[in-house]
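Undergrad: Before I ask anything, let me first share the structure, which is written out below as structure tokens.
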Amino acid sequence: MLRRLRIKSVVALLAVACCVLVFLCTDFGSSRQPRSPSARRLHIVRITSEDRGRCLSGCPDHKPISVHTRGYAARVKIESVTLPPEWSSSPEDEQRLQLRKSRVKEVCHRHGLDIAGPNNSINAWEFLINKKFNLVWCSVFKAASSTWFYNFNILAGYSENFLLRSKETPITLARQKYARPTTMELENFMNQTQRPLSFLIARHPLHRLVSAYRDKLLSGKRYYSRLARDIVSTYPSLGEHPTTDSTLGNSAAPRWYGSPSSSLARARLARKLVVPTFPQLVQYLIDSNARGEVLDEHWTPISQFCTPCLFEFDVIAKMETLDEDSNYVIFKSGIEKYIKPKRINRNRNAPTGEVADSFLCQLSTEMMKKLIEIYRVDMELFGYEYEHYLNCTKDHIRLERIYR
Numbered sequence: 003m004l005r006r007l008r009i010k011s012v013v014a015l016l017a018v019a020c021c022v023l024v025f026l027c028t029d030f031g032s033s034r035q036p037r038s039p040s041a042r043r044l045h046i047v048r049i050t051s052e053d054r055g056r057c058l059s060g061c062p063d064h065k066p067i068s069v070h071t072r073g074y075a076a077r078v079k080i081e082s083v084t085l086p087p088e089w090s091s092s093p094e095d096e097q098r099l100q101l102r103k104s105r106v107k108e109v110c111h112r113h114g115l116d117i118a119g120p121n122n123s124i125n126a127w128e129f130l131i132n133k134k135f136n137l138v139w140c141s142v143f144k145a146a147s148s149t150w151f152y153n154f155n156i157l158a159g160y161s162e163n164f165l166l167r168s169k170e171t172p173i174t175l176a177r178q179k180y181a182r183p184t185t186m187e188l189e190n191f192m193n194q195t196q197r198p199l200s201f202l203i204a205r206h207p208l209h210r211l212v213s214a215y216r217d218k219l220l221s222g223k224r225y226y227s228r229l230a231r232d233i234v235s236t237y238p239s240l241g242e243h244p245t246t247d248s249t250l251g252n253s254a255a256p257r258w259y260g261s262p263s264s265s266l267a268r269a270r271l272a273r274k275l276v277v278p279t280f281p282q283l284v285q286y287l288i289d290s291n292a293r294g295e296v297l298d299e300h301w302t303p304i305s306q307f308c309t310p311c312l313f314e315f316d317v318i319a320k321m322e323t324l325d326e327d328s329n330y331v332i333f334k335s336g337i338e339k340y341i342k343p344k345r346i347n348r349n350r351n352a353p354t355g356e357v358a359d360s361f362l363c364q365l366s367t368e369m370m371k372k373l374i375e376i377y378r379v380d381m382e383l384f385g386y387e388y389e390h391y392l393n394c395t396k397d398h399i400r401l402e403r404i405y406r
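To get our numbering, take the position in the sequence shown, counting from 1, and add 2.
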């Protein structure tokens, strides 16, 4: 009898020990996982039929929701903005905005883009509708989008403290509150008795492309790593980072660009990231467009992304007059009492003319002409010039020096 009791006691102790061991292993593994370098970003997959149709060449069949390990305030540059105590639009404001609307209408009509059809319909998918404040925005990426996602998230009920601490991206948070509308839902909302205020923010398309390149590829964002590898392997002849080419004069890239001694380059090497040159990205963009592929949202032309030829915006803001235009939208919609505006990444990825030139002028004249053709409608719609960039291409500058 005593022997049986001893055996039962040993078995019970072994069972308890196994349970404790399993618990400790599970807890230890889960607690260590976030500290692993490979777990710095998580990807939560949501697959929809629209996502499959919108995915750029070479990317997976879904759009990931990025969850960062640091809060939003630690990842971006944030400046507080003080709104004027009183504001009313001036005749100059009204005239400026009316001229922009008239220009868009005229260019759309000239190109026949104001006629809806099977292959030309409103891209309602990219609009955000705030029903409480009767406000509609088409979120052009790399055109003050971080700032206005913040504003729309505040209007949706998120607290400022939550937004600044959140590890999720602003667009992820926004889409949890603002469902992507159908064309019919958008049209019905715009046709109500009290017309909503709708707006978009335009930017020089070539500057917008440079900003996207610097933010998404040159900085080594992991979500774009597969695309980066595909671009580099497809266009190896365009792969040299020109840092000190004296033949380019002032159009040469900034010294930190690809320089082995730079902290940016060392960080890329440490993470074993492949970073395409700007000419490689442009050639990829040209070829993708020629094949009729859907372009990434950060460099899709605004004429296709927000379809302003089919949807009449009340306000067409521009980066060049962003403060004035933002005040117009804020006070006309009555949201000045509910938001504490911030400038987010206003200068971090907003290249000056000189910085934009340092990338754009690396291109050959042939590449520049093809790139301009992709964005020609955008430039006409929003009044941006491109002659300067045809005159600064590397082969154009070399010819000028030969014949001087």
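In this text, a Cβ means the ideal position worked out from N, Cα and C, and glycines have one as well.
Helix, strand or coil for Asn-393? Go by DSSP, reduced to three states.
TA: Note: Asn-393 maps to helix in three-state DSSP.
Undergrad: Tell me whether Leu-287 sits in a helix, a strand or coil according to DSSP, three-state version.
TA: In this structure, Leu-287 counts as helix in the three-state DSSP scheme.
Undergrad: Beta-carbon within less than 8 Å of Thr-184's beta-carbon, same chain only, minus the 5 sequence neighbours each way: which residues are those?
TA: Correct list, in chain order: Ala-126.
Undergrad: How do the segment 101-120 and the segment 358-367 stand: do at least 3 beta-carbon pairs fall below 8 Å, yes or no?
TA: At 8 Å Cβ cutoff, the stretches do not touch.
Undergrad: Applying the criterion that 16 or more other CB atoms from any shown protein chain within 10 Å of the CB defines a buried residue, is Leu-287 buried or exposed?
TA: With 16 or more other Cβ atoms within 10 Å, it is buried.
Undergrad: Alpha carbon to alpha carbon, how far is Ser-104 from Ile-203?
TA: Taking the straight line joining both Cα atoms gives about 16 Å.
Undergrad: The beta strand (DSSP E) with Leu-312 in it runs from where to where?
TA: First-last for Leu-312: undefined, no H or E at that position.
Undergrad: Given this structure, state the Cα-to-Cα distance separating Ile-374 from Tyr-388, to the nearest angstrom.
TA: Rounded to whole angstroms, Ile-374 to Tyr-388 spans 7 Å at the Cα level.
Undergrad: Identify every residue that forms a DSSP beta bridge with Trp-139.
TA: Paired residue(s): Leu-130, Phe-201.
Undergrad: Does Ile-124 get closer than 8 Å to chain B when you measure Cβ to Cβ?
TA: Any reference to chain B falls outside this structure, which holds one protein chain only.
Undergrad: How long is the line joining the alpha carbons of Lys-133 and Tyr-160, rounded to whole angstroms?
TA: Rounded to the nearest angstrom, the two C-alpha atoms are 16 Å apart.
Undergrad: When the Cα atoms are used, what is the spatial distance from Phe-307 to Cys-110?
TA: Rounded to the nearest angstrom, the two C-alpha atoms are 15 Å apart.
Undergrad: Leaving out five residues before and five after Leu-240 in sequence, what residues of the same chain have Cβ atoms less than 7 Å from its Cβ?
TA: Excluding sequence neighbours, Leu-240 sits near Thr-279, Pro-281, Gln-282, Gln-285.
Undergrad: Can you name the start and end residues of the alpha helix (DSSP H) that Arg-112 belongs to?
TA: Segment 93-113, the alpha helix (DSSP H) holding Arg-112.
Undergrad: For Asn-122, which of helix, strand or coil comes out of DSSP?
TA: Three-state DSSP puts Asn-122 in a strand.
Undergrad: Do Val-83 and Phe-201 have their beta-carbon atoms positioned less than 8 Å apart in this structure?
TA: Going by C-beta atoms, Phe-201 is not nearer than 8 Å to Val-83.
Undergrad: Quick one: residues in its chain with C-beta nearer than 7 Å to the C-beta of Lys-218, no 5 flanking neighbours on either side, listed in chain order?
TA: Closer than 7 Å at the Cβ level, and outside the excluded window around Lys-218, lie Tyr-226, His-300.
Undergrad: Is the Cβ-Cβ distance between Leu-137 and Leu-199 less than 8 Å?
TA: Contact: yes.
Undergrad: Between which residues of its own chain and Ser-91 is the CB-CB distance below 7 Å, once the five residues before and five after are set aside?
TA: Taken in chain order, the residues that qualify are Tyr-330.
Undergrad: Which two residues bound the contiguous alpha helix (DSSP H) that contains Lys-371?
TA: Segment 367-384, the alpha helix (DSSP H) holding Lys-371.
Undergrad: How is Glu-299 classed by DSSP in three states: helix, strand or coil?
TA: Glu-299 falls in the coil class under three-state DSSP.
Undergrad: According to DSSP, which residues form a beta bridge with Lys-320?
TA: Beta-bridge pairing links Lys-320 to Ala-204.
Undergrad: Please identify the residue among Lys-339, Leu-383, Ser-213, Leu-365 whose C-alpha is closest to the C-alpha of Pro-87.
TA: Nearest C-alpha to Pro-87: Lys-339.
Undergrad: For Tyr-180 and Val-106, what's the separation of their Cα atoms in angstroms?
TA: If I take the Cα positions, the gap works out to 27 Å.
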